[in-house]
Amino acid sequence: MKSKWTPSPAIAGHYKIVNTNSPILHSKIGDVDFRKISLEKADELYANGTRYLEKIKVQKKRASS
Amino acid sequence: MNYENITDMKVAFVDGQENPSGVGELAYLIPYSWFETIQEPTASTTSSSIVTITADHVLKASKAPIEVQALYEKSGMTSALEGEILSKIFKTGVELFIPNHTAANIGTATALKNYRFILLIRRPDQNTGFLQIGSKSIAAYVEAIDANLGTGPTGEVGIKLTVGAYGKAPYLFYDGELPAPAPVGG
Chain A
901 MKSKWTPSPA IAGHYKIVNT NSPILHSKIG DVDFRKISLE KADELYANGT RYLEKIKVQK
961 KRASS
Chain B
1376 MNYENITDMK VAFVDGQENP SGVGELAYLI PYSWFETIQE PTASTTSSSI VTITADHVLK
1436 ASKAPIEVQA LYEKSGMTSA LEGEILSKIF KTGVELFIPN HTAANIGTAT ALKNYRFILL
1496 IRRPDQNTGF LQIGSKSIAA YVEAIDANLG TGPTGEVGIK LTVGAYGKAP YLFYDGELPA
1556 PAPVGG
């Protein structure tokens, strides 16, 4: 089911929100709002082992020979 | 559990530490059957590890904690030891006073009396973590629901939900995340 809210643009391309359909999380680093979260806060949340953020792996382009 | 491995037992007053009375206005109830995983303290050699849960509780899909918004001035927590010498256990009670008589409040309170659960509360100045009443081994439950309309102009109107739980400690420190509502199908 698609969420009725939009994740913060600050984390677009960096993190995907998973395992929840709520925009609010009472996390180990305090209450966060996924609609407004900054990238720094998301990094901190991820470093604290949250199960609600998934890092998006950036695909490196191969240098053409 | 045996505490012989604990090496840092100490009881101290922390100078400058905020110490307000009462409980914060938001509490969360999570019925036992809604958990996918209930975490417990992982005892090491520190006294705090006896009562601290660092891993995250996980709920089943589509389940979310039940929020209880209580009035600060009329809500609180107490605990006491019960039992025989050297075999005592803590009994903790939490009173949550909700001032509004609505069908949703009465309906929720009516349903909650049939559940075993874990209760997560915060102190008024607490921003991270929760105090946990009830545990994986002994659940919390509703001991009383007092729904009063009061008498005359100054009577106390509201619903008082009394939750109780036995436990090895007055309460546990839950340092994990409050389980967030999980989407259906993952």
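Respectively, the protein sequence lines represent chains A and B. Per this note's numbering, the first sequence starts with residue 901, numbered consecutively. Per this note's numbering, the second sequence starts with residue 1376, numbered consecutively. Even glycine gets a Cβ: it sits at the ideal position worked out from N, Cα and C.
For the pair I1428 of chain B and Q1444 of chain B, the CB atoms are not nearer than the 9 angstroms cut-off. For D943 of chain A, no beta strand (DSSP E) encloses it; the enclosing alpha helix (DSSP H) starts and ends at L939 to A947. The criterion of a C-beta distance shorter than 9 angstroms is satisfied by V1469 of chain B and V1538 of chain B. Linking A1402 of chain B to S1462 of chain B through their CA atoms gives a straight-line distance of about 30 angstroms. For G1551 of chain B, the closest Cβ of chain A is nearer than 9 angstroms. In the three-state DSSP reduction, A1557 of chain B falls in the coil class, being neither helix nor strand.
Within chain B, no C-beta atom comes less than 7 angstroms from the C-beta of Y915 of chain A; the nearest is roughly 15 angstroms away.
With three or more CB-CB distances shorter than 8 angstroms, the segment 1474-1486 of chain B counts as touching the segment 1512-1526 of chain B. In this structure, the beta-carbon distance from K928 of chain A to G949 of chain A falls below 9 angstroms.
Residue contact with chain B for T906 of chain A: absent (no Cβ-Cβ distance below 9 angstroms to any residue of chain B). Across the structure, G1533 of chain B and S1450 of chain B are spaced so that their CA atoms are roughly 12 angstroms apart.
The C-alpha of Q959 of chain A is placed about 38 angstroms away from the C-alpha of Y1549 of chain B.
In the displayed model, P1528 of chain B falls within a helix according to three-state DSSP.
Taking a contact to require three or more Cβ pairs closer than 8 angstroms, the segment 1379-1391 of chain B and the segment 1487-1507 of chain B do not qualify as touching. Look at G1391 of chain B here: in three-state DSSP terms it is coil, with no helix or strand label. Proximity of chain B to I929 of chain A at the Cβ level (cut-off 8 angstroms) is accounted for by T1503, in chain order. Residue range A1478 to L1487 is occupied by the alpha helix (DSSP H) that includes I1481 of chain B. Nearest C-alpha to G1458 of chain B among B:G1399, B:Y1541 and B:V1559: B:Y1541. The three-state reading of DSSP puts S908 of chain A in coil, since its state is none of H, G, I, E or B.
Residue range I1464 to I1473 is occupied by the beta strand (DSSP E) that includes V1469 of chain B.
Among the residues of the segment 1423-1443 of chain B, those with a Cβ less than 8 angstroms away from any Cβ of chain A are D1431, V1433 and A1439, in the order of the chain. Counting along the chain, L1547 of chain B sits inside the beta strand (DSSP E) bounded by residues L1547 to Y1549. In the three-state DSSP reduction, S1424 of chain B falls in the helix class (H, G or I).
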